[in-house]
Structures are given as structure tokens and as C-alpha cells.
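Engineer: One structure coming up, written as C-alpha cells, with questions to follow.
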Amino acid sequence: MSSARSSDPSSGADLAFLLAQVGAHAAAQFAERLAPLKLLPPHAGILRAIGQSNGISQAALSERLGMFPSRLVVLLDALEERGLLERRSSPEDRRSHALHLTRAGQEMMQRIGRVAEEHRQALCAALDDAEQAQLAALLRRIAAEQELTAGVHPGYRKLGKGRPAGPDG
21 MSSARSSDPS
31 SGADLAFLLA
41 QVGAHAAAQF
51 AERLAPLKLL
61 PPHAGILRAI
71 GQSNGISQAA
81 LSERLGMFPS
91 RLVVLLDALE
101 ERGLLERRSS
111 PEDRRSHALH
121 LTRAGQEMMQ
131 RIGRVAEEHR
141 QALCAALDDA
151 EQAQLAALLR
161 RIAAEQELTA
171 GVHPGYRKLG
181 KGRPAGPDG
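Structure below.
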């Protein structure tokens, strides 16, 4: 009977493990799905954040993502080299750069959106629409209670602390 109890996902430790297990699996699968686009998850997240706040400064983006500015610059350089974003001098402060998606960056965001939808469908195939909505609501409550920034992966805080962002650094 104790083995049945220990595998019960409603028990505290098992539920926490299950959340971590599914989260790690989902992150790895998303990275694999992004690979054909030649993007790592941090690249996709940065493009998403810029798309949501077009013209955001590098400093504000670094703050929002909780990422070291020096690590953010490396990722922004890679995206700029690919023509997905551009830095413009801020009209208010010439020392500051405003970040904007290019047309190619906007098109990439559409491709990322399709990848994200395929990813959601694959991950949630066992759930009907109502169950998916319920799961999303519950996860949002947990995220809010844990004071996670909506739409920002907490892994950004670790980037630049001796841990590479992925195979390309």
C-alpha cells in the first residue's frame, strides 16, 4: 500500500517531482523543436520579449529577464547577426539602445509560434481542452504564488553564471 501511496501524484514530494520532471522534459523537447530554426530557447524568449515590448532598451530587457547584461549582449549579437533584430540609438538617451524586431524577426516569431503550438499539442495530447484550461489555470496560480514573472523563464537568471545557454554557448 505504501508503494501506491508513494506513486500518488497528489502527495507533496511526488507532485513536486512530477512538476520538475515534466518541466525538464518540456524544456528539452522545446529546445529540440527549435533546433531546425537554429535557435536556442533563450533566443526565442528574447525575441518574444522584444516582440511584446518593441523598442525596449537592453538595460530594461536585462532587468525584465533577470539576466546579466553581459550575457544578454552575446545573445543579442547573435540575433542581430542573423538579421532578426536591430539596435537603434534611443532618442531619449544616446547611450541606450532600443531593440526592435526586423521583418525577418517578425517572421521568425511566427515560426516560433507554430513550433510552440505543436509543442503544446504534443505535451498535452492526453488532456482534452477543458483539462488543458484547468491545468493552465492551476499552473498560473502556482507561478503567481511563487512570484514568477509572467512569460519569463526563470532559467535566464542562471545564464552567465558559469552555465552555458546551450550548445552554442
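Residue numbering for the sequence shown is 21 to 189, as defined by my numbering.
Cβ atoms here follow ideal geometry from the backbone N, Cα and C, with glycine treated the same way.
Computed from a prediction, not measured in an experiment: that's the story for all the values here.
(1) Here's the rule I'm using: 16 or more other beta-carbon atoms within 10 Å means buried, otherwise exposed. How should H63 be labelled?
(2) Between the Cα of S109 and those of Q78, L159, S82 and K58, spot the shortest distance and give me the residue it belongs to.
(3) How many angstroms separate the CA atom of Q49 from the CA atom of L143?
(4) Could you pull the start and end residues of the alpha helix (DSSP H) that S90 belongs to?
(5) DSSP puts H120 in a beta bridge; with which residues?
(6) Excluding the five sequence neighbours on either side, which residues of its own chain have a C-beta within less than 6 Å of the C-beta of M121, listed in chain order?
(7) In the DSSP assignment, what are the bridge partners of S77?
Structural biologist: Reading from the atomic positions:
(1) Taking the first residue of the sequence shown as 1, we reach residue 63 at position 43. With 16 or more Cβ atoms within 10 Å of its Cβ, H63 is classed as buried.
(2) The residue labelled residue 109 in the question sits at position 89 within the sequence shown. Closest by alpha carbon: Q78.
(3) Here residue 49 refers to the residue found at position 29 of the sequence shown. Here residue 143 refers to the residue found at position 123 of the sequence shown. Whole-angstrom Cα-Cα distance: 9 Å.
(4) Within the sequence shown, the letter at position 70 stands for residue 90. Element bounds for S90: P89 to E101.
(5) Numbered from its first residue, the sequence shown carries residue 120 at position 100. Looking at the DSSP assignment, H120 forms a beta bridge with E106.
(6) As a working mapping, residue 121 is identified with position 101 in the sequence shown. The sequence given here has Leu at residue 121, not Met. Same-chain partners within the cutoff: I70, G71 and L105.
(7) As a first step, residue 77 is located in the sequence shown; it is residue number 57 there, counting from the start. Note: S77 sits in a beta bridge opposite A118.
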